[in-house]
Every structure is written in structure tokens, then in C-alpha cells.
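Below is one structure; the comments refer to it alone.
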Amino acid sequence: SLVFFAQYLESAELFEGLCNDCPIKYRSNNAPKIRDIWGTILLSVLNGQSRYAHITGLRGERVGMELLGMSKVVSEDSIRRALSKGSAEEWDTWLGKQERMVYESLLTEDYVLDIDNTVKPLYGHQEGAELGYNPQKPGRPSHNYHTYFIGSLRLVLSTAVMPGKQHAGCHSLPGLWTLVDSLPAHCRPSLLRGDIGYGNEGAMSES
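See the structure below:
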């Protein structure tokens, strides 16, 4: 199936978009190629890997490397160093542009934008892990995922990751208005839909 997916990425120029204008900048002639960096990350994700150390298992992957036009599969240390470059704002801007290329053509049709909050229990020492509302694992630190998605398609347009105590609807609103304001007028939702936490005077007056 990787053959068909690679053809899709090539025909839609999506993989080129990942490589162009990303915050990763090198000056050394010995640095890895940007295409090799993103190709390695893509192959790792498609193989279901969840840790940097798993990338080592891809070093002998020749088929995927050739399909994506890579010269080599880079090491996990190269991936770590690459993703540490650039500021958070630069990464957000770049990633938002790549995501918009995939779904923006769908937004010309009428759609409902759903707003939802999901509690994500944490078991390590991640940044923003706080004791807050967590009905599944009381007393366990968590993050809160404030997600904005097209209701009928379940297509996620954006997600804001908040600390465990920021679960109320008011914490979703800044990300919501940033998303809506960034869309052209003809691509904005016909209806915003959320639970009772958004049915208050503050949220309604902002809309």
C-alpha cells in the first residue's frame, strides 16, 4: 500500500510541501537532506512507531526510501536535532499551511464545525501535566485536547493541547476564533456546535 500512498503524495505535491519552507535549516555540507528527514519521519509513522529509538529498525528499508525519493534513512539522533530547530511559532505556521492544503477545498461546502474537549491521562512528566477534571482516572495528571472538527466527516481542522486544569469551554475559544478568522469568508462554517459549556453569554457574544 505504500506504493499507492507515495503516488498520492507525489501527484498532490504534498511531500514536496513538507520539505519546502520548513523551520529546519542547515549550514553544514555534511548535514542530512531535508527530504531524508521528512521521509524517515513519514516511514516511521506509517510503520506505527511511537518512539525515536524505533527508527533504527528502518535503516535497511530500501523500498520506501526509493518510493519517496530519499537518499538514505537518517538516524534517530538526526531526527531529534532537526525537530529541535525553529521556534514554536514557526512550526505552528508551517504545519498549519500543510494541513490547510489537504482540507481547504472541502470547506467551500456548507458544514458544521464541532467543538469538543477530550481528557488525555498522562503517565510521565510531560509539560503541562496537571491534576484537573479526569473522570476516567481520578487523581491522574492529564492534558486536555480542545478539538475543532467537521461534524459529518469527523475531519479534524485543529487541536489545542492545554494543561489538565484548562478543560472549560472558555479555554477552547481562543483557538476556535484563531481558526475561524484564518479561513477565507467562503470557507467559514455555517454553524458552530458545542456542548452546554459553550452556551453562556461570554461565548455567545464573541460569536
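Sequential numbering from 44 applies to the sequence shown in my numbering. Ideal Cβ positions, reconstructed from N, Cα and C, are used throughout, including at glycine.
Check                                                                                                                                          : Outcome
Any idea if residue 169 is buried or exposed, counting beta-carbon neighbours within 10 angstroms, 16 or more meaning buried?                  : exposed
Looking at residue 156 and residue 227, is the spacing between their C-beta atoms short of 8 Å?                                                : no
If we count Cβ pairs, one from each stretch, closer than 8 Å, do we get three or more for the segment 191–200 versus the segment 109–125?      : no
Tell me residue 192's beta-bridge partners as DSSP assigns them.                                                                               : 157, 199
Using the C-alpha atoms, what's the distance from residue 224 back to residue 192?                                                             : 15 Å
Can you tell me which of the three DSSP states residue 214 falls into?                                                                         : helix
Beta-carbon separation of residue 45 and residue 100 under 8 Å?                                                                                : no
Under a three-way DSSP split, which group does residue 46 fall into?                                                                           : helix
When the distance is taken between beta carbons, is residue 130 closer than 8 Å to residue 75?                                                 : no
Kindly confirm or deny that the segment 135–155 and the segment 84–98 touch, where touching means at least three C-beta pairs closer than 8 Å. : no
By Cβ distance, which residues of its chain are closer than 8 Å to residue 57, with the 5 residues on each side in sequence left out?          : 51, 141, 144, 145
To which residues does DSSP link residue 164 through a beta bridge?                                                                            : 185
Out of 83, 248, 240, 111, state which residue places its alpha-carbon closest to the alpha-carbon of residue 125.                              : 83
If we count Cβ pairs, one from each stretch, closer than 8 Å, do we get three or more for the segment 161–176 versus the segment 233–249?      : no
DSSP beta-bridge partners for residue 235?                                                                                                     : 156
Out of 174, 213, 203, which has the shortest C-alpha to C-alpha gap to residue 135?                                                            : 203
Tell me whether residue 205 sits in a helix, a strand or coil according to DSSP, three-state version.                                          : strand
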